[in-house]
Each structure stands twice: as structure tokens, then as C-alpha cells.
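A.B. asks: Okay, here's the structure, questions in a sec.
In full-length UniProt numbering, the protein residues as written are 1 to 456.
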């Protein structure tokens with residue numbers, strides 16, 4: 001490999017495994033993933049991305065892209081890795097209610113700027129995920145039932161394809177690629193910037209209520225009945241959390257099971273109070289932080305950890321949540337269960353998340369999906385087999401109500417096999433995605449992901 005030649009044509013740093021700085025450059029949020037690319041390019045602009053892609057193609061190597069490293073799933077051994085953290089541009093058009101965001105920007109940075117002008121985006125629960133990676137994977141967030149997926153509101157993307165060209169893609173230019181990029185994640189190129197619509201949401205009614213674990217059954221059974229009648233302005237989930245005795249955990253929540261109700265309501269606060277009242281009637285919570293909040297505080301709803309952790313994660317989509325399904329969750333993740341899980345979350349979908357967007361895209365599995373299940377266990381490599389097996393045991397217990405499909409942004413290393421990766425997209429969309437892949441990446445250069453192989 002002509003690494004010296006690569007260094008000569010890029011502005012950002014270039015690392016090989018023997019270099020000081022290689023480990024820091026390839027560090028991920030999920031500490032169970034240890035990237036091992038042959039070369040790493042710390043891109044500072046689109047020209048660096050183009051050079052890195054051309055270098056990879058010339059050497060017959062795959063391309064891996066690393067943002068924050070939340071969703072790293074497939075081994076990058078032998079790849080050319082492009083890190084995007086230096087691509088930090090943000091441009092907000094208040095009048096048009098649009099934003100242009102480069103690939104290294106994390107949600108915390110964009111939320112801070114949007115809150116200053118009274119606008120909001122369809123962010124996710126974690127403030128440390130990159131905006132671009134989250135959005136091109138679909139983008140399921142706390143305003144989703146009202147406004148749909150983040151990908152539904154993308155208007156343009158700047159992407160470097162496998163031929164090393166920088167393309168501006170929208171509904172008029174490369175409409176097929178535009179369709180595929182919004183929901184196909186990293187399969188079609190390196191997205192260096194994205195443009196999307198914003199919403200006038202300066203504040204909302206919401207937050208989290210932490211109930212003691214002994215009320216977990218009552219909370220979950222109320223939740224399954226309650227979601228049948230809530231308006232689309234209400235997005236909600238319940239997470240059964242077993243938090244460690246760590247300093248970053250509030251003292252009342254340490255080393256105990258809690259049931260965490262998370263809500264965001266885009267309506268009148270008084271009506272929000274009435275909607276939440278049945279939960280407050282269950283019993284005294286440990287912490288009740290549901291109130292009217294500024295958009296700047298949106299991350300407090302889920303209170304996701306911001307520091308890197310060793311995580312094993314699985315997900316599933318359900319078409320229904322009857323009492324038997326809740327009982328299956330409680331048996332394996334509720335009070336008294338010998339569970340290694342730090343989180344078992346059930347998130348209510350439906351509403352705009354179940355309808356096709358105004359401009360169609362590749363985000364799959366909308367129609368019959370009403371709930372997303374997300375499981376997280378924490379531990380080191382020796383724990384992997386046991387933890388993944390336990391998560392699979394819970395997913396198997398929910399099989400009678402499963403759609404059999406998956407949500408791409410909640411698919412991780414255990415879901416990277418081809419027969420599982422295909423479940424991220426609808427059976428109708430998948431052949432179209434493969435044909436677009438054949439056109440733009442026939443050699444499958446972008447395969448360090450939940451891969452869509454090219455047709456033929």
C-alpha cells in the first residue's frame with residue numbers, strides 16, 4: 001500500500017496500526033468493538049473522503065466509516081477506515097426551517113444550536129450519536145409518532161460513491177440513489193453532509209418517571225393498555241433498567257431495578273398531565289421528572305449514558321403487545337429474574353412512523369410495526385456468549401408477536417449475518433436496493449455494515 005502517497009494527497013491525518021494515535025482515532029462508543037483497519041484517514045473535508053475511497057478501490061480494500069461508533073457491527077480488519085469527527089459544519093436556515101449538517105456532528109451539538117432559534121430536529125434519544133449516521137439509518141426519535149422518521153424529512157445529501165466522485169443527491173438528481181440513501185445507511189457511499197427540514201418545537205411536555213422495580217409489572221401492563229388510545233402527539237417507551245452502583249447514576253437509582261417511563265408530548269401541558277395521570281396513580285415514584293421542558297433538554301427524557309461502555313445489544317419489532325408479551329418480558333427482565341440486562345425497553349411506534357412519507361424512501365418495515373424492543377447487556381468479551389444468548393432467549397419468548405423484521409439502527413454485531421441483515425428492509429424494497437447497489441457500488445466496497453450485496 002502506498003500510504004505515503006495517500007498522506008501526500010489528504011489534508012487530515014493518516015494512521016496505520018503502528019502509529020501513535022491509531023487507537024484514539026479508531027476508538028468507538030461501544031467498547032466491545034475493537035476496529036482493526038489497515039489504514040485510517042481522519043477526513044477534514046469531502047476531498048479527503050474522495051481520496052480515501054479511491055485509495056481503497058485501487059488497493060481492492062473495503063471502506064469502513066466511523067462516526068461516534070455506537071453502531072459499529074462488522075469487523076473492519078483490512079479495511080480503509082474514514083473517520084468523520086472533523087467534519088463539523090452546521091448551517092441553519094431559520095426562515096426556511098432547514099439545516100445542513102456534516103457527517104461528524106453529534107446530536108448534542110446540533111440540539112444546542114437549534115434550541116437557540118426555537119427550532120427542533122427529529123433527533124434520537126442519545127446526544128452522542130452522529131446526526132448523519134442516525135438519519136440515514138432511519139432515525140427513530142422521541143417526536144416520531146407525530147412527525148415520522150428523520151429520514152422522511154431529508155431533502156438532499158452530499159455523498160462520495162465508490163467511483164470516488166462527490167455527488168449532490170436529491171429528488172431531482174439521482175432520485176434512485178436518493179431513495180436508497182435514506183434508509184440504506186452506509187451501503188451506497190460515504191455521506192459527508194445532509195440537509196433536512198426542521199420543526200418549530202421550542203418546548204414540549206415530557207421527561208422520565210422512575211418507578212421502583214416492584215411496580216414494573218403494573219407499569220408495563222398499564223403501558224400496553226394506555227398506548228391504544230394516546231394521540232400521535234404522544235411518543236413513549238418503558239425501559240426496565242438495572243443500573244450499576246456507579247457515580248454517574250443518581251444515588252436513588254443505583255444497583256436496583258427500576259421501571260423508567262419516558263414520554264414526549266407535543267401538545268398542551270395540561271393535557272399532557274391528564275394523559276400521564278394514570279401512571280402517577282400507580283404509586284410513589286423514585287424520581288418524577290416529567291414536566292414542561294425546553295427542546296434543549298430533550299436528552300434528559302431517556303438519559304442515555306454518554307461515556308463509552310462495553311455493550312451487547314439486540315432488537316425486535318412487534319405487531320402487538322398483549323398481556324402475554326408483557327409477562328414474557330417480566331419473566332426474563334423483571335423483578336427476581338436472573339437477568340444480565342441493563343436495559344429492556346419497549347417503545348411505542350405507530351402514528352406517522354407507520355405511514356409512508358411524502359417523498360418515499362428505503363426505511364423499511366413500517367406498516368404492521370407498533371413496538372420496538374431494545375435489549376442491552378454490559379460486559380467484557382468473556383461475557384459475550386452468555387449475554388447474547390440471554391437476549392436471544394427474550395426475543396424468542398416474544399416471537400408470537402414479532403413481525404420477524406428488524407429496525408436498522410437497532411441492529412448490531414449479532415445481527416450482521418446476511419440472513420439477518422436482510423430483515424432491515426421490506427421484501428418489496430430489497431431487490432430495488434440491490435439493483436441500486438449494483439449501479440453505484442458493484443464491487444461492494446461499502447460492505448463494513450449490515451450489507452446489501454449488489455444484484456447479480
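Glycine included, every Cβ here is placed at the ideal spot set by N, Cα and C.
1) Could you compute how far the alpha carbon of residue 387 sits from the alpha carbon of residue 405?
2) Using a 10 Å radius around the Cβ and a threshold of 16 neighbouring Cβ atoms, would you call residue 228 buried or exposed?
3) In terms of residue numbering, what span does the beta strand (DSSP E) encompassing residue 158 cover?
4) Out of 103, 66 and 121, state which residue places its alpha-carbon closest to the alpha-carbon of residue 158.
5) Quick one: what's got a C-beta closer than 6 Å to residue 127's C-beta in the same chain, skipping five residues either side?
6) Tell me whether the beta-carbon of residue 203 lies closer than 8 Å to the beta-carbon of residue 292.
7) Going along the chain, which residues of its own chain have a beta-carbon closer than 8 Å to the beta-carbon of residue 110, five neighbours each way excluded?
8) Note down, in chain order, each residue of its chain lying with its Cβ closer than 7 Å to the Cβ of residue 79, except the 5 sequence neighbours on either side.
9) State the DSSP-derived secondary structure class of residue 374, mapped to helix, strand or coil.
10) My understanding is that residue 286 touches residue 258, with C-beta atoms under 8 Å, so please give their C-beta distance in whole angstroms.
11) If we count the other Cβ atoms within 10 Å of its Cβ and call it buried at 16 or more, is residue 393 buried or exposed?
12) If I follow the unbroken alpha helix (DSSP H) through residue 248, where does it start and stop?
13) Using only alpha-carbon positions, find the residue among 377, 167, 85 and 144 that is nearest to residue 339.
14) Quick check on residue 11: does DSSP put it in helix, strand or coil?
15) Go ahead and pull the three-state DSSP assignment for residue 382.
16) Decide if residue 355 is buried, meaning its Cβ has at least 16 other Cβ atoms within 10 Å, or exposed.
17) Might you give, ordered along the chain, the residues of its own chain that have their beta carbon closer than 7 Å to the beta carbon of residue 55, omitting 5 neighbours on each side?
18) So, are the CB atoms of residue 433 and residue 150 less than 8 Å apart?
19) Could you check if residue 129 is buried or exposed, using at least 16 other CB atoms within 10 Å of its CB as the buried criterion?
20) Within its chain, find whatever has a CB closer than 6 Å to the CB of residue 33; leave out the 5 residues flanking it on each side and keep chain order.
21) Rounded to the nearest angstrom, what separates residue 457 and residue 361 at their Cα positions?
22) CA-CA distance, residue 440 and residue 35?
23) Given a threshold of 16 other Cβ atoms within 10 Å of its Cβ, counted over all protein chains shown, does residue 67 qualify as buried or as exposed?
24) Span of the beta strand (DSSP E) holding residue 329?
25) Can you grab the Cα-Cα spacing for the pair residue 188 / residue 269, in whole Å?
26) Return the bridge partner residues of residue 254 from the DSSP annotation.
27) Going by beta carbon distance, what residues of the same chain come within less than 7 Å of residue 357, once the five residues before and after it are set aside?
28) Within the continuous alpha helix (DSSP H) that includes residue 212, where are the two ends?
29) Would you list, in sequence order, the uninterrupted alpha helix (DSSP H) runs of no fewer than 4 residues that lie entirely inside the region 31-113?
30) Based on the DSSP secondary-structure assignment, which residues constitute the bridge partners of residue 238?
31) Take residue 57 as the anchor and find which of 455, 419 and 162 has the nearest alpha-carbon.
32) Spell out the partners DSSP gives residue 288 in its beta bridges.
33) Is the Cβ-Cβ distance between residue 12 and residue 44 less than 8 Å?
34) How is the alpha helix (DSSP H) around residue 132 delimited, first residue to last?
35) Given a cut-off of 8 Å, decide if residue 410 and residue 371 are closer than it, judged by their beta-carbon atoms.
36) Note the first and the last residue of the continuous beta strand (DSSP E) segment covering residue 194.
C.D. replies: Checking against the coordinates, here is how it stands:
1) Along the chain shown, one-based indexing puts residue 387 at 387. Along the chain shown, one-based indexing puts residue 405 at 405. Cα to Cα, the separation comes out at about 21 Å.
2) The count along the chain shown starts at 1 and reaches residue 228 at position 228. Result: exposed.
3) Position 158 of the chain shown, counting from 1, holds the residue named residue 158. Per DSSP, residue 158 belongs to the beta strand (DSSP E) from 154-160.
4) The sequence position of residue 158 within the chain shown is 158, counting from 1. The option with the nearest alpha carbon to residue 158 is 103.
5) Numbered from its first residue, the chain shown carries residue 127 at position 127. Contacts found: 107, 108 and 299.
6) By one-based count along the chain shown, residue 203 stands at place 203. By one-based count along the chain shown, residue 292 stands at place 292. Cβ distance < 8 Å, so residue 203 and residue 292 count as in contact.
7) To locate residue 110, count along the chain shown from 1; it is residue 110. Taking C-beta separations shorter than 8 Å and ignoring five residues to either side along the sequence, the partners of residue 110 in its chain run 90, 99, 101, 121, 123 and 131, following chain order.
8) Taking the first residue of the chain shown as position 1, residue 79 is located at position 79. Result list for residue 79: 37, 38, 61, 62, 63, 64 and 448, in chain order.
9) As a position in the chain shown, residue 374 is number 374, starting the count at 1. Residue state, collapsed to three classes: strand.
10) Looking up residue 286 in the chain shown gives position 286. Looking up residue 258 in the chain shown gives position 258. 6 Å between Cβ atoms; contact.
11) For the purposes of this step, residue 393 is identified with residue 393 of the chain shown, where counting begins at 1. By the 16-neighbour rule on beta-carbons within 10 angstroms, residue 393 is exposed.
12) Along the chain shown, one-based indexing puts residue 248 at 248. Residue 248 -> no alpha helix (DSSP H), and no H or E assigned at all.
13) Looking up residue 339 in the chain shown gives position 339. Looking at 377, 167, 85 and 144, the one whose alpha-carbon comes closest to that of residue 339 is 377.
14) For the purposes of this step, residue 11 is identified with residue 11 of the chain shown, where counting begins at 1. Coil, per DSSP.
15) Reading the chain shown from its first residue, position 382 is the one you call residue 382. Helix.
16) The residue labelled residue 355 in the question sits at position 355 within the chain shown. Classification of residue 355: exposed, given that the 10 Å Cβ count is below 16.
17) As a working note, residue 55 is residue 55 in the chain shown. Result list for residue 55: 6 and 80, in chain order.
18) Your numbering for residue 433 matches position 433 in the chain shown. Your numbering for residue 150 matches position 150 in the chain shown. For residue 433 and residue 150, no; Cβs fall outside 8 Å.
19) In the chain shown, residue 129 corresponds to position 129, counting from 1. So residue 129 ends up on the buried side.
20) Within the chain shown, numbered from 1, the residue matching residue 33 stands at position 33. Correct list, in chain order: 72.
21) Outside the shown range of the chain, which is 1 to 456, sits residue 457, and nothing can be said about it.
22) Here residue 440 corresponds to residue number 440 of the chain shown, with the count starting at 1. Here residue 35 corresponds to residue number 35 of the chain shown, with the count starting at 1. Each residue's alpha carbon lies about 26 Å from the other.
23) On the chain shown, position 67 is the one that residue 67 refers to. So residue 67 counts as buried.
24) Position 329 of the chain shown holds residue 329. For residue 329, there is no enclosing beta strand (DSSP E); the residue is part of the alpha helix (DSSP H) that begins and ends at 323-333.
25) Position 188 of the chain shown holds residue 188. Position 269 of the chain shown holds residue 269. Going by the C-alpha atoms only, they are around 43 Å apart.
26) Your numbering for residue 254 matches position 254 in the chain shown. Answer is none; residue 254 lacks a bridge partner.
27) Counting from one through the chain shown, the residue named residue 357 turns up at place 357. 148 and 152, listed in sequence order.
28) Residue numbering aside, residue 212 sits at position 212 when the chain shown is read from its first letter. For residue 212, there is no enclosing alpha helix (DSSP H); the residue is part of the beta strand (DSSP E) that begins and ends at 203-212.
29) Listed in chain order, the complete alpha helix (DSSP H) runs (minimum 4 residues) inside the region 31-113 are 46-58.
30) The sequence position of residue 238 within the chain shown is 238, counting from 1. BP columns for residue 238 point to 261 and 346.
31) Translated into positions along the chain shown, residue 57 becomes position 57. If we check each option's Cα against that of residue 57, 162 comes out closest.
32) Here residue 288 refers to the residue found at position 288 of the chain shown. Its beta-bridge partners are 209.
33) One-based indexing of the chain shown puts residue 12 at position 12. One-based indexing of the chain shown puts residue 44 at position 44. Contact flag set, yes.
34) The residue labelled residue 132 in the question sits at position 132 within the chain shown. Counting along the chain, the alpha helix (DSSP H) containing residue 132 begins and ends at 131-136.
35) By 1-based counting over the chain shown, the position of residue 371 is 371. By 1-based counting over the chain shown, the position of residue 410 is 410. Going by C-beta atoms, residue 371 is not nearer than 8 Å to residue 410.
36) Locating residue 194 in the chain shown gives position 194, where the first residue counts as 1. Per DSSP, residue 194 belongs to the beta strand (DSSP E) from 190-197.
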